[in-house]
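*Asks:*
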Amino acid sequence: MNIIAVDDEKLALDTLVDSIGKAAPGAAVTGFRRPEDALDHIRENPCEIAFLDIKMRGMTGLELARRLKEIRGDLNIIFVTGYSEFSLDAFRLYASDYLLKPATPDAVRQSLEHLRTPVKPPQTRHVRFQCFGSFEVYVDNKPLAFGRAKAKELLAYLVDKQGASATMGELMAVIWEDGPDTPSRQSNLRNLIADLKNVFSDAGVENLILKSRNSISLDCGAVDCDYYDFLKHIPYAVNAYRGEYMAQYSWAELTTAALPRFP
Amino acid sequence: MRILAAANHADMLDELETDLSGLIPGAEIIKETDALMAGKYAFNQSVDIIFAEADMKRMNGLQLIQFVRREHPDVKSFLIGTEDELLDSFLIISEDVTGVLTYPFGEQEVREAWRTSGLAGSM
Numbered sequence: 001m002n003i004i005a006v007d008d009e010k011l012a013l014d015t016l017v018d019s020i021g022k023a024a025p026g027a028a029v030t031g032f033r034r035p036e037d038a039l040d041h042i043r044e045n046p047c048e049i050a051f052l053d054i055k056m057r058g059m060t061g062l063e064l065a066r067r068l069k070e071i072r073g074d075l076n077i078i079f080v081t082g083y084s085e086f087s088l089d090a091f092r093l094y095a096s097d098y099l100l101k102p103a104t105p106d107a108v109r110q111s112l113e114h115l116r117t118p119v120k121p122p123q124t125r126h127v128r129f130q131c132f133g134s135f136e137v138y139v140d141n142k143p144l145a146f147g148r149a150k151a152k153e154l155l156a157y158l159v160d161k162q163g164a165s166a167t168m169g170e171l172m173a174v175i176w177e178d179g180p181d182t183p184s185r186q187s188n189l190r191n192l193i194a195d196l197k198n199v200f201s202d203a204g205v206e207n208l209i210l211k212s213r214n215s216i217s218l219d220c221g222a223v224d225c226d227y228y229d230f231l232k233h234i235p236y237a238v239n240a241y242r243g244e245y246m247a248q249y250s251w252a253e254l255t256t257a258a259l260p261r262f263p
Numbered sequence: 001m002r003i004l005a006a007a008n009h010a011d012m013l014d015e016l017e018t019d020l021s022g023l024i025p026g027a028e029i030i031k032e033t034d035a036l037m038a039g040k041y042a043f044n045q046s047v048d049i050i051f052a053e054a055d056m057k058r059m060n061g062l063q064l065i066q067f068v069r070r071e072h073p074d075v076k077s078f079l080i081g082t083e084d085e086l087l088d089s090f091l092i093i094s095e096d097v098t099g100v101l102t103y104p105f106g107e108q109e110v111r112e113a114w115r116t117s118g119l120a121g122s123m
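If you're matching them up, the sequences are chains A and B in order. Letter by letter, the first sequence follows residues 1 to 263 of the numbering used here. Letter by letter, the second sequence follows residues 1 to 123 of the numbering used here.
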């Protein structure tokens, strides 16, 4: 669990970081006295929870919360304030909770138990997809080897879908380039999906591929990916793009992102 | 003034460039057939106006406009698409988009979109 704490008063920040450390001993807690430093940090680093003082010089905690949520929409915000009248505005910004100063370890613990966006247990292995240039997969920074190239291609297509489901028919059309939908192809596809799951399972990665009755998808929240980071405005990813995307797959030049339709 | 134009086909961008050059003499027009490259450009350079085709690779036109607006909140934006896709998405796109252009379009349609967006008198 990655947590930031922001308060422009050193003593209050030290107290808050200490309380968070006691309430969540396994968490990585980083304290900031300048809101701008917190924004810079969150652009580059994973973070699930932010404890924010409301009344700060330069930028209020409410404004900081709004800007943090723009960067990480699933961030849990917990306001820490000496002023209870701020609570209404705070909750309008979808805060998980607010605490009155001084925030005690017990109060912090209770807030962490009622997060608006529950923090998923961390994947024990770090999975990273590289989409810019050739598509590659890394687990704990080591390239992942696939026995069958088509299994890797199947995974690339799921990455391209950004977590949206792909039906079996769609996958067959992509992997075998619109060849006939025969029982043997369907069987091959089932084997590819099983292979894919086994490759990850052998590498210690579970539950990355989500299967429903006639479709599969990828749990995008469990991975790092340069393409996803580009869409989140993370500078390293934006500047890493050189015009090549999953270069080994012809369909990657054709897939388009349609406009969302109003339901 | 710097205009970023992003569409799937270079031909369309060339036509748009011709139309815009007549409408806004002296404008610098950046053309991209790759939405991510267009986004990267706007991430690193200032942009005043963006034209984006709705149905693009890797990032649709609305995503591209929203991406650019995060860097340049005052950017004026035009989404290009079929009448159907723009109508279906109208309630979603209206907040971020200054105007729309539907296929097929030429100088007259670009001029009309420009006029109805209210930009004609402001720039």
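Glycine included, every Cβ here is placed at the ideal spot set by N, Cα and C.
#1: Going by DSSP, what residue range makes up the beta strand (DSSP E) through A5 of chain A?
#2: Kindly list, in the order they appear in chain B, the residues whose Cβ is closer than 8 Å to that of Y241 of chain A.
#3: Could I get the ranges of all uninterrupted alpha helix (DSSP H) runs contained in the region 5 to 88 of chain B, with 4 residues as the minimum, in chain order?
#4: Indicate the three-state DSSP secondary structure (helix, strand or coil) for M246 of chain A in the structure shown.
#5: Locate the beta strand (DSSP E) running through G31 of chain A, then write down its first and last residues.
#6: Per DSSP, K142 of chain A forms a beta bridge with which residues?
#7: Under 8 Å Cβ-Cβ, which residues of chain B neighbour F129 of chain A?
#8: Use the C-beta contact count for N76 of chain A: other C-beta atoms within 10 angstroms, 16 or more gives buried, fewer gives exposed.
#9: Using a Cβ-Cβ cut-off of 8 Å (strictly less than) and excluding sequence neighbours within five positions of D106 of chain A, which residues of its own chain qualify?
#10: Name the residue from A:G147, A:G73, A:Y249 whose alpha carbon lies nearest to the alpha carbon of V199 of chain A.
#11: Nearest-angstrom Cα distance between G58 of chain A and G81 of chain B?
#12: Helix, strand or coil for P263 of chain A per DSSP?
#13: Taking Cβ-Cβ distances below 8 Å as the criterion, which residues of the region 220 to 250 of chain A are in contact with chain B?
#14: Per the DSSP calculation, F200 of chain A is bridged to which residue(s)?
#15: By Cβ distance below 8 Å, which residues in the same chain neighbour G31 of chain A in space, the five residues on each side in sequence not counted?
#16: If you measure from the beta carbon of M59 of chain B to each beta carbon in chain A, is any gap under 9 Å?
*Replies:* Taking the coordinates as given:
#1: Reading the first sequence from its first residue, position 5 is the one you call residue 5 of chain A. First-last of the beta strand (DSSP E) with A5 of chain A: 2 to 6.
#2: Here residue 241 of chain A refers to the residue found at position 241 of the first sequence. L36, M37, K40, listed in chain order.
#3: 10 to 23, 35 to 44, 61 to 71, 83 to 88
#4: What you label residue 246 of chain A is simply residue 246 of the first sequence in a count that begins at 1. Of the three classes helix, strand and coil, the one that applies to M246 of chain A here is coil, per DSSP.
#5: Within the first sequence, residue 31 of chain A is the residue found at index 31, counting from 1. First-last of the beta strand (DSSP E) with G31 of chain A: 28 to 32.
#6: For this step, residue 142 of chain A is matched to residue 142 along the first sequence. Under DSSP, K142 of chain A forms a beta bridge with A:V139.
#7: Mapped onto the first sequence, residue 129 of chain A falls at position 129. None at all; the shortest Cβ gap to chain B is about 14 Å.
#8: Indexing the first sequence from 1 puts residue 76 of chain A at position 76. Buried.
#9: Indexing the first sequence from 1 puts residue 106 of chain A at position 106. Closer than 8 Å at the Cβ level, and outside the excluded window around D106 of chain A, lie A23.
#10: As a position in the first sequence, residue 199 of chain A is number 199, starting the count at 1. Of the candidates A:G147, A:G73, A:Y249, the one whose C-alpha sits nearest the C-alpha of V199 of chain A is A:G147.
#11: Residue 58 of chain A sits at position 58 when you count from the first residue of the first sequence. Residue 81 of chain B sits at position 81 when you count from the first residue of the second sequence. Distance between the alpha carbons of G58 of chain A and G81 of chain B is about 42 Å.
#12: Here the question's residue 263 of chain A lines up with position 263 in the first sequence. Because P263 of chain A carries a pLDDT of 44, less than 50, the predicted location of this residue cannot be relied on, and no value is offered for it.
#13: Answer in chain order: Y227, F230, L231, H233, P235, V238, N239, Y241, G243, Y245.
#14: Sequence index remark: in the first sequence, residue 200 of chain A carries index 200 (1-based). F200 of chain A pairs with nothing; no bridge assigned.
#15: Residue mapping note: residue 31 of chain A aligns to position 31 of the first sequence, counting from 1. Exclusion of the five residues before and after G31 of chain A leaves I4, A5, V6, D7, L13, D14, L16, V17 as the residues of its chain whose Cβ lies within less than 8 Å of its Cβ.
#16: Along the second sequence, one-based indexing puts residue 59 of chain B at 59. Chain A contact via Cβ: present.
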